[in-house]
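Chains as they are written, first to last, in this note's numbering: chain P, 3 to 315; chain A, 71 to 574; chain U, 2 to 323.
This report concerns only the one structure given below.
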Amino acid sequence: MSELRAATLGYAVLAATAVAYLVVYTTNLGHLPTPFDYLSLLNTSLPLVFVAIGQSLVVLTGGIDLSVGGMVGLGVAIVAAGSTGGAAVTAGWMLAAVAAGALCGAVNGLIVAKGRIAPILTTLATLSVYSGLALKVLPVPGGKISPAVRSVLTDPDVPTGLIWLGAAVAGWLVLRRTRFGMRVYAVGSDETAARAVGVPTARVKVGVYSLSGLCSGLAAVFYVSTTTSGDPNAGDPFILTSIAAVVVGGIAFAGGRGSALGAVAGAFALTLVIDVLFFAGIDPLYQSLFQGLFLVVAVLLGSLSTLVRWRRS
Amino acid sequence: MTEANSEVRAEANSEVRAGANSEVRAEVHTEAHAVLAEGVDRSFGGVRALRDASFAARPGEIHALAGENGAGKSTMIKVLCGLVKPDRGTVVVKGRLATAFQELSLLPDLTIAENLLLRDPPRGRLGLVSRRRLVPAAKTVLETHGIDDLDPRTVTRDLSVAHRQVVELVRVLATRPEVLILDEPTAALQEQQVAWLAAHMRRLREEGCCVVFTSHRWREIEALADRVTVFRNGTHVTTRERLAEAEAVTLMSGRTLEATYPPLTPPQDAVALRARVGEVELKIRRGEILGIGGLAGQGQRELFLRLFTGRQNVTVGGVESTIRKPKDAIRAGIGIAYVPEDRKAEGLLLPMSVRDNLALATLERRSVAGFVRRAAERAAVRDIMDRLAVRAASSRHPVGTLSGGNQQKVLMGRWLLSGAEVLLLFDVTRGVDAATKHDFYALVAGLAAQGRAVLLYSSETEEIAHLCHRVLVMREGRVAAELDGPVGDAELIVAAAVREREHV
Amino acid sequence: MRAAVKSLVDGPHRRVLYAFAAAATILLTGAVIHPGFGSWTSLRTMLVLASFIGFVGAGQMLVVLVGGIDLSMPWVLNGAAIVLTTSSLGQSGRLPLAIVLALGTGAAVGLCNGLGVAWLGVPAVVMTLGMNGVLQGLSLGLSKGLTCGSCASYAPEPLRRLVVGRIFGVPSELLLWAGVALFVTVLLTLTTFGRRVYAVGNNPRAAFLAGVGVRPVTVALYVLSGVFAALAGITLVAYGGQPSLGLGDPYLFESIAAVVVGGVSILGGRGHYAGVVAGSVTLVAIVTLLQAERVPEYGRDVIYGLVILAILFTYGRERADD
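Set out below in structure tokens:
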């Protein structure tokens with residue numbers, strides 16, 4: 003299955019939201035969005051893009067990771083609490099945040115694979131643990147980030163964010179073409195069969211949960227860089243939005259089918275929706291209403307399209 | 071399936087013995103054997119699947135492993151390939167091992183190409199998997215094994231069961247095994263594909279490979295096997311070069327079965343069920359057993375499911391009704407019941423009690439305002455368990471703890487409890503051992519003699535030939551021929567199934 | 002006697018027994034290390050707090066029994082609480098209507114969830130997560146971010162008395178919980194509906210082929226789940242007086258945790274409400290103990306998560322497949 007076809011739903015939804023964005027923006031402001039608008043969109047989307055890629059990997063194996071909220075929160079706390087010094091110190095703490103994410107993810111993976119506890123329960127329990135750790139590291143919101151670091155990651159004026167987006171997409175494409183990538187799909191497709199043909203299912207699971215943690219760590223880094231401060235609860239919204247991005251991106255919840263690129267498209271679409279609402283003059287309090295509707299409608303579209311394809315064949 | 075995992079492969083190559091008391095045994099015999107298992111015990115949750123079982127096969131032979139269901143064949147195969155660790159005993163496998171299991175182990179969301187090359191995909195630059203070379207490489211693999219009608223880009227979920235089995239076998243064959251173990255490889259295959267597989271098994275034998283296989287079809291065992299080993303009750307009974315079917319049945323079941331099929335009572339005149347299902351005109355009389363024959367996949371399953379689950383007008387016992395869901399069928403006229411082939415997936419609720427399983431379809435008949443009348447239920451359940459001689463410790467035990475034959479009885483009992491007069495039995499004897507089958511034939515004939523109408527499909531044409539008053543042979547969703555029964559000779563049904571339509 | 006004990010330990014009720022053992026262990030630990038923890042006053046407070054979890058746990062358990070999950074709990078609860086105060090305006094006369102409206106809100110959301118899951122085939126996680134967002138948006142938007150800015154936004158007095166008051170020395174809230182427990186247990190064990198629920202949870206295909214209306218059963222369970230979430234919202238408002246925004250947030254985690262700690266299989270088909278009662282008490286006891294020990298908030302989160310993991314390791318594991 004080509005990457006393109008696997009992610010069709012995500013692209014379609016993204017295209018539709020982009021059109022809505024352009025229409026609402028131009029009718030409101032009388033001109034097309036400026037490069038600055040695009041850049042700010044890109045920068046605000048990046049954290050979700052990373053979490054969504056991690057969530058995709060987990061969902062592709064038939065699991066789910068609710069602890070992304072805690073892992074992003076922990077990462078944000080580490081970066082914000084540590085970034086009081088210069089650029090080098092900040093960079094060091096950023097690496098630490100990413101490493102912490104990967105470690106947390108590995109713990110999830112071990113519990114799921116070796117402990118045989120359902121992913122949803124495992125990550126629900128570790129969500130509590132990781133959120134607690136985030137509170138310990140950064141008891142109150144705060145912190146500041148050095149402009150030097152910011153200009154490398156998410157410069158508000160120069161599209162450095164594009165490089166990182168490119169890196170994320172390239173990372174996925176490379177991963178998809180490794181043996182590990184094939185095994186991810188094998189495990190999600192039929193775990194028992196995968197084990198029988200010699201796929202080390204436990205190792206694959208530990209791998210995807212670790213990667214999900216790593217992605218959450220990266221998301222935390224970009225989150226602090228864009229918002230320039232830290233909040234230990236910053237990760238909470240990512241639980242819903244990352245699952246939404248994955249679903250909108252057309253990844254089957256049962257595992258085995260879909261592409262993280264779809265989830266990337268879904269992540270952008272979800273960020274765009276918020277801007278569409280803003281320019282349409284809808285009270286931001288209604289934001290989650292539309293995100294919820296968006297989620298349900300997208301999944302309905304997805305099942306409808308498979309139904310149509312199935313009927314035709 | 072193939073080479074369970076890398077550790078197992080390492081074991082296989084280096085002659086490592088599994089099990090607790092493995093110290094000095096078997097050194098002497100291993101020379102001549104490619105596969106050797108001795109004194110193997112293995113229990114699953116208190117049930118002993120293997121007891122002091124042994125098995126040996128040489129390089130350069132095709133060795134059949136025969137036995138009834140539950141005789142321990144599958145467990146022995148899993149022990150041989152390292153998927154199941156024995157509680158006790160020694161296992162030695164010499165050479166590169168490949169196994170094809172009964173439950174297909176293809177990954178449904180992956181393409182044929184990905185499935186074939188999952189272990190060792192073609193690499194491109196930077197050692198990454200080359201998507202471009204994946205398809206041609208898979209095509210080559212398929213073609214070298216004589217398969218040219220499959221597109222490697224097809225997702226395996228979309229393949230027919232037979233084609234999936236073929237892909238599965240190709241993958242196993244492509245590993246160039248020195249020991250090849252096939253568990254029921256032909257169950258899903260068509261005639262021609264069986265011949266294809268047989269050719270490959272013979273080729274491997276000539277190349278010195280040790281081929282072990284299991285089959286329910288004695289004809290295949292006779293045609294292919296150099297030696298046959300019979301298992302019964304989890305242990306080795308005998309290994310022979312020649313074994314006649316009659317003797318094999320005796321050895322496998324531990325008793326002789328003479329008249330396998332019961333005599334049939336002539337049907338009554340009253341029509342029990344009348345329906346037009348797609349292209350098929352159905353009329354079953356009370357007391358009649360109507361067989362549905364034909365090659366596999368000619369619309370038989372659809373016919374049964376339409377009658378029970380969906381969008382179908384029927385006249386049952388003179389009452390017209392429309393069936394949209396099973397509940398409608400259960401309530402229609404004199405009642406319809408459907409017993410599926412796969413009792414674990416579609417019939418029983420294994421963790422639930424015998425009582426719950428028996429009562430499920432008729433709960434509201436023994437209820438007041440939505441509450442179950444427990445005394446009435448107990449009485450009804452006890453009555454039906456007595457009538458069918460269900461052997462269970464109590465009606466409160468999970469049905470999953472019962473033997474296969476008793477599970478089958480519980481499923482039949484559910485529908486007897488519903489009082490259904492029309493029974494749809496779809497391949498109910500699949501994977502059931504000979505003794506249980508025998509009981510089942512008697513049960514069906516008895517139910518018909520009491521005036522019930524039975525629609526019967528079986529993948530074993532023999533059953534249709536002997537157990538039915540009348541047979542409709544289906545081809546491509548239509549009735550290709552109608553034969554009066556008992557037909558007696560299964561060949562007649564097969565001939566009708568493959569013959570071109572005489573009048574168009 | 003020994004056979005009876007054996008059947009309890011090995012039989013289908015084994016996990017319920019574990020759940021009670023877990024609750025007893027935590028309570029005893031508390032009583033030993035913290036004087037006053039085991040007193041009737043302390044126990045009564047814990048039981049009242051546990052009852053709210055017990056309500057959401059009842060709803061969550063019903064959908065988990067058929068292999069589903071209800072992630073819309075937090076904002077159904079919160080939404081029902083807001084509906085109650087805004088429609089009653091603090092007046093006793095409007096209370097019956099307000100209660101009906103609040104429960105109706107829960108039932109309506111449950112109906113949407115059920116229809117989406119059973120008829121449209123939307124995965125339960127997605128459907129209920131989406132509905133949670135919808136409810137959150139509606140609650141925030143319609144209340145303009147305040148809880149009923151124009152009205153007194155207090156629960157009517159009779160309701161407060163009902164929940165906070167006592168009957169023969171027993172908090173009436175606990176009697177309500179006992180009623181819920183009785184209702185759920187009777188529904189699941191004595192009715193034809195209950196039998197069908199377990200059948201669907203064990204094997205939907207087989208249940209369907211035995212004539213069970215799998216979709217109606219599923220929808221009914223989601224509706225009940227919504228109603229129980231709303232009930233928790235109503236009683237919480239009555240208990241606290243005011244429906245704050247975010248009132249329901251902790252209850253998603255709590256409801257799922259109570260269900261699994263109560264020995265209900267997350268895969269469906271197995272579990273009893275008695276276990277969920279024990280699970281609810283366990284959760285509250287853990288938190289109370291940590292608070293009594295003056296563990297800081299972060300430590301509470303961490304220990305809470307770890308204890309739940311430990312309980313899952315003891316009896317919440319899936320079967321090994323070989």
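All C-beta atoms in this analysis are idealised placements derived from N, C-alpha and C, irrespective of residue type, glycine included.
Computed from a prediction, not measured in an experiment: that's the story for all the values here.
Residue contact with chain U for residue 188 (chain A): absent (no Cβ-Cβ distance below 7 Å to any residue of chain U).
Excluding the 5 residues flanking it on each side, residue 301 (chain A) has same chain C-beta neighbours closer than 6 Å at 137, 141, 142, 143, in chain order.
Taking a contact as a CB-CB distance under 8 Å, the pair residue 255 (chain P) and residue 127 (chain U) counts as one, their CB atoms being some 7 Å apart. Residue contact with chain U for residue 181 (chain P): absent (no Cβ-Cβ distance below 7 Å to any residue of chain U). Relative to residue 290 (chain P), the option among U:122, U:254, U:53, U:133 whose CA is nearest is U:133. For the pair of segments examined, the region 469-486 of chain A was found to touch the region 417-436 of chain A: the number of CB pairs separated by less than 8 Å reaches three.
Residue pairing by DSSP places residue 544 (chain A) opposite A:549 in a beta bridge. Contact with chain A is found for residue 196 (chain U), since one of that chain's Cβ atoms lies less than 7 Å from the residue's Cβ. Burial of residue 164 (chain A) is indicated by the presence of at least 16 other C-beta atoms within 10 angstroms of its C-beta.
Listed along the chain, the chain U residues whose CB falls inside 8 Å of the CB of residue 55 (chain P) amount to none; the nearest CB is some 19 Å away. The Cβ neighbour count for residue 165 (chain P), taken over all protein chains shown within 10 Å, is under 16; the residue is labelled exposed. Counting along the chain, residue 352 (chain A) sits inside no alpha helix (DSSP H); it lies in the beta strand (DSSP E) bounded by residues 350-355.
With its beta carbon at least 7 Å from every one in chain A, residue 118 (chain P) lies outside the interface. One thing to note: residue 370 (chain A) has its Cβ no nearer than 7 Å to the Cβ of residue 511 (chain A). According to the DSSP secondary-structure assignment, residue 192 (chain U) is paired through a beta bridge with A:441. In the structure shown, residue 174 (chain U) falls within a helical segment according to DSSP collapsed to helix, strand and coil. Residue 253 (chain P): not part of any beta strand (DSSP E); DSSP gives it neither H nor E. Under the Cβ distance rule, residue 154 (chain A) does not count among the residues neighbouring chain P, no pair being separated by less than 7 Å.
In the three-state reduction of the DSSP assignment, residue 114 (chain U) falls in the helix class.
Legend: CB atoms of the region 198-223 of chain P lying less than 8 Å from CB atoms of chain A belong to residues 198, 199, 200, 201, 202.
Collapsing the DSSP output to three states places residue 255 (chain A) in coil. Within 10 angstroms of the beta-carbon of residue 206 (chain A) lie fewer than 16 other beta-carbons, which makes it exposed. One finds nothing in chain U with a Cβ atom closer than 7 Å to the Cβ of residue 50 (chain P); even the nearest lies about 15 Å away. Listed in chain order, the positions of the region 434-456 of chain A with a beta carbon within less than 7 Å of a beta carbon of chain U are 434, 437, 440, 441, 442. Distances from the CA of residue 183 (chain A) to each of A:441, A:240, A:351, A:453 were compared; the closest alpha carbon is that of A:240. Rounded to the nearest whole angstrom, the C-alpha separation of residue 114 (chain U) and residue 229 (chain U) is 14 Å. Residue 125 (chain P): member of the alpha helix (DSSP H) spanning 121-139, first to last residue. Nothing from the region 84-107 of chain P brings a Cβ to less than 8 Å from some Cβ of chain U. Pairing residue 226 (chain P) with residue 74 (chain P) gives a Cβ-Cβ distance that is not under 7 Å. At a cut-off of 7 Å between C-beta atoms, residue 176 (chain A) does not count as an interface residue with respect to chain U. Using beta-carbon distances, residue 416 (chain A) counts as an interface residue toward chain U, with a partner under 7 Å. DSSP places residue 80 (chain U) in the uninterrupted alpha helix (DSSP H) bounded by 74-89.
Scanning the region 148-175 of chain A from its first residue to its last, the whole beta strand (DSSP E) runs of 3-plus residues come out as 158-163, 167-170.
Cβ contact annotation for residue 160 (chain U) (same chain, cutoff 7 Å, sequence separation greater than five): 96, 239, in chain order. In this structure, the CA atom of residue 37 (chain U) is about 23 Å from the CA atom of residue 166 (chain U). One alpha carbon belongs to residue 431 (chain A), the other to residue 74 (chain U), and they sit about 33 Å apart.
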